[in-house]
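Here my numbering is used: the first residue of the sequence shown is 12, the next is one more, and so on.
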Amino acid sequence: MTAEPNKPCQIKRDYQQLINLYPATADTDAHYLSKLSIYQQRVFEAHSQQKLLILGQIGLGNGLELLSWWRTQANPSQRLLLKVFEPNPINAYELKSLWDQSLALVKETPFEPNLESKQASALECKSELSQLAQTLLDAEPTAIIGCQRLIFDDGRTTIDLHFGDIQTQLSSLSHSPMHPVQHWLILPHLLQALNHQSHWQMAKLSDDSATIATIGLSESSGLSETTVNRFQACGFTVSDINELGIHQPVTLINHQPDAVLLHERQVLRQQDAKAYAFNPMAAILPSDTSSSIAIIGGGLASAHLALSLAERGQSTQLFCRDAKLGQGASGNRQGAIYPLLTPENDELSRFFQQAFLFSRRRVQALTSAPADNQTSISHDFCGVLQTAHDERSQLRLDKIIQGQLWPSEIAYAVDAEQANAIAKINLDKPGFFYPLGGWVCPFEYAEAAIQKAMQLADVSVSLNTDILSIERQSDGWVLLTEKERFGPFAQLVLANGAELTQFDASNKLQISPFRGQVSHVPAQFQLSQLATVLCANGYLTPSHQGLHCLGASYVKEPKHLDFCPQEQQENLMKMHESYPNQSWLEDIDMSGNNARVGVRMVTRDHFPMMGCAPDVPKILKDYAQHQLTKESRHYWQTTPAPVHQGLYILGGLGSRGLSSGPLAAECLAAQLCGEPIPLDKATLCKLNPNRMWLRKLLKGKAL
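1. In whole angstroms, give me the CA-to-CA distance for Y565 and G549.
2. May I ask you to report which of helix, strand or coil DSSP gives T378?
3. Which one or two residues does DSSP pair with H173 in a beta bridge?
4. Please report the distance separating the alpha-carbon of A270 from that of T222.
5. Can you pull the DSSP bridge partners for P524?
6. Can you give the beta carbon distance from N343 to R607, rounded, assuming they're within the 8 Å contact cut?
7. Can you tell me whether H531 is helix, strand or coil according to DSSP?
8. Could you name the residues that DSSP lists as bridge partners for R496?
9. What number of angstroms, rounded off, separates the C-alpha of A321 from the C-alpha of Q61?
10. Could you have a look at E482 and say whether DSSP puts it in helix, strand or coil?
11. Throw me the rounded Cβ distance for the A457 and L336 pair, which I believe falls under 8 Å.
12. Tell me whether W595 sits in a helix, a strand or coil according to DSSP, three-state version.
13. Tell me, please, whether the region 471-484 touches the region 513-531 by the rule of three or more beta-carbon pairs shorter than 8 Å.
14. Going by the CB atoms, is the gap between L93 and W80 shorter than 8 Å?
15. On the CB-based measure, 16 or more other CB atoms within 10 Å of its CB, does V278 come out buried or exposed?
16. Which of helix, strand or coil does DSSP assign to I307?
17. Start and end of the alpha helix (DSSP H) containing H207?
18. Run the CB neighbour count on A635, radius 10 Å, all protein chains shown included, and call it buried at 16 or more, exposed below.
19. Here's the rule: buried if 16 or more other CB atoms are within 10 angstroms of the residue's CB, otherwise exposed. What is D26?
20. Whole angstroms is fine: what's the gap from F454's alpha carbon to L311's?
21. Apart from the five residues just before and just after Y646, which ones in its own chain have a Cβ nearer than 6 Å to its Cβ?
22. Taking 8 Å as the threshold, find out whether the region 541-559 comes into contact with the region 342-359 through three or more Cβ pairs.
23. Consider the C-beta atom of Q142 and the heavy atoms of the ligand GDP; say whether any pair is separated by less than 7 Å.
24. Leaving out five residues on either side along the sequence, give the residues of the same chain with a beta carbon under 6 Å from the beta carbon of L272.
25. So, at 6 Å on beta carbons, what are the nonlocal neighbours of I304 in its own chain, with the 5 sequence-adjacent residues on each side left out?
26. So which of D626, G668, L406 and Q462 has the shortest CA-CA distance to Q656?
27. With a 10 Å radius around its C-beta and 16 neighbouring C-beta atoms as the bar for buried, classify P700 as buried or exposed.
28. Exposed or buried, which one is N518 when buried takes at least 16 other CB atoms within 10 Å?
29. State the Cα-Cα distance for the pair K285 and G557, rounded to the nearest angstrom.
30. Within 10 angstroms of its Cβ, does L474 collect 16 or more other Cβ (buried), or is it exposed?
31. Using three-state DSSP, classify T327 as helix, strand or coil.
32. Suppose the cutoff is 6 Å on Cβ atoms and the five residues either side in sequence are ignored; what does the same chain contact list for N507 look like?
33. Cα separation between H4 and S666?
34. Would a C-beta distance cut-off of 8 Å place Q315 and G609 closer than the cut-off?
35. Would a C-beta distance cut-off of 8 Å place H617 and L351 closer than the cut-off?
36. Kindly list the residues whose CB is nearer than 7 Å to the CB of W211, restricted to its own chain and excluding five residues on each side of it in sequence; keep chain order.
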């Protein structure tokens, strides 16, 4: 992990402060690590036949427990999802400080022979943990509130870091019936921080036979009777890892709470389902399904959906009307990638922070160890520098900067001198710098995702295949071209960008096409020195293969996609408005009329669309019977909104598809496979394609 240029010091807290917030669970010696490893081995052995094992951990501590779960995972045919809940957000730099100190304390002595059959030394353990720690640090977790999904080993290991108030994080998640949490590990310094509501939220997310393990501060301290009773009252069996091999084994299986406690859990799940009934989720694929999922589209969204499904072993068949992938909105040479922030840090802002970080990690994973013939992804995480271009935009930017104490790895304010130093050309104005941002080539990103998906599962791509209509039949969806018929498919996803509304089942979606012309200008003189993406009234990228990207126009419902000389000049004028009187502007040569035109689909609220395709005629029919009364609001709140069975939408990525598309695809894949989703329930409602109608109906307003 390398530091970004011009980045301020990321260690916001000294080591003693870190220790106070994230105390070590126990002495980091071979004795403790051996006990922990044995417990974790027994967990994996108890569920060796499961294709996916979901584990929960309360507290991050010094990180050794998390790393040990990862190290102990040995079954190559089993996937692990570890959900870690930590109240104090922490970034990669602070984690490194903790882990360097913690791993240095591991004594170079053998593990106890009666606790582990393999006589591995603590030194070997330390080496393995250090390697895993570096892998996780390279993913650069940041100190933001919410869930950050980190995927390793081609999907074999997934770590969800839930930062923020534990009760809030737990209650924001939905129960996954097919894949609930099987076991919880609670670090001792957070035992007292969990209240009664937290215990029940853990129970809601758990398998009915799930257990809890914790670690006493010492072998003699053990767990208090009060602590044990509190968790038993929610249906858990509680054990202390310190008792392993001394008094009794940790209970892992054959535990079943009594009927009353099981009923209480079920009531909680039903309350959740009722509260969000208006937001129907994807139908869960049968675990033994042999049919593939059909995806219409050839851009970033469809490619990443195929990849996320392939990591789960799910086959897909992708239909693209063009001769190669990424010819629509994903066809630009360079696209900026950075989060969309709001002064309130609302659901939109939090989603885009999560999504941006997820996409950034995807780029890194696809480029870190490319396979033979794997498409390379042109990219540069050189940062994005956002500046104002008029009084109104300056007020907006100031509100964002001053609205929150943003983690400096997400964004930080710079003065005019710092901005000039970052850009390597004169801007002479202050701004907001996103140090982890930069630019990515979208069509190479899509191609690399598809190629990786093909390595992991049975994924096929049908190019030059223009699907003209889709039909729902009793056995699934059929796709029709002029001459061919494909299907039936039990599940069909529309991820076809500008053509998203071309079918009868999707033509009512509240989404609009916007034309964008991106100018390509030669890299020369001062302009060629640009070292970061500039974002103001328009954007300008550093050079790639001798050209900069300058753009972009924004024309609603375009009549054509031909080159437009006027839009070319408008792109140039935007730069002059943003950075007046700068000499490097004279280096922008537009005489070659070199540009690319595409169409992006935009929603009014800037969220993508992800989820079940709404059955709009049925919504309107039901609306005729349930409207504008108190009772109607209750009806829409508690009744699943009408949807087309087996049909899903993935689109509306707008101008920030590089940031939002991969996470939206990951969430849809998780839904289709019945797995936990790395987004809270409220945000999922914001992504639902039916949201524009349902917002009015839930408020008792007229459509």
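Virtual Cβ for every residue (Gly too), placed ideally from N, Cα, C. Given the structure is predicted, the values throughout are model-derived calculations rather than measurements.
Looking at the coordinates:
1. 10 Å
2. helix
3. F96 and C158
4. 16 Å
5. M612
6. 6 Å
7. strand
8. L491
9. 18 Å
10. strand
11. 5 Å
12. helix
13. yes
14. yes
15. exposed
16. strand
17. H207 to K215
18. exposed
19. A small fix is needed here, since residue 26 is Tyr in this sequence, not Asp. When all chains shown are included, Y26 counts as exposed.
20. 7 Å
21. H637
22. yes
23. Annotation note on the ligand GDP: not contained in the displayed structure, which lists no ligands.
24. G246
25. T327 and Q502
26. D626
27. buried
28. exposed
29. 56 Å
30. exposed
31. strand
32. I307 and G308
33. Nothing about residue 4 can be read from this structure; the chain reaches only from 12 to 714.
34. In the sequence as presented, Gln is not what sits at residue 315; that position holds His. Taking 8 Å as the Cβ cut-off, H315 and G609 do not qualify as a contacting pair.
35. yes
36. C245 and L279
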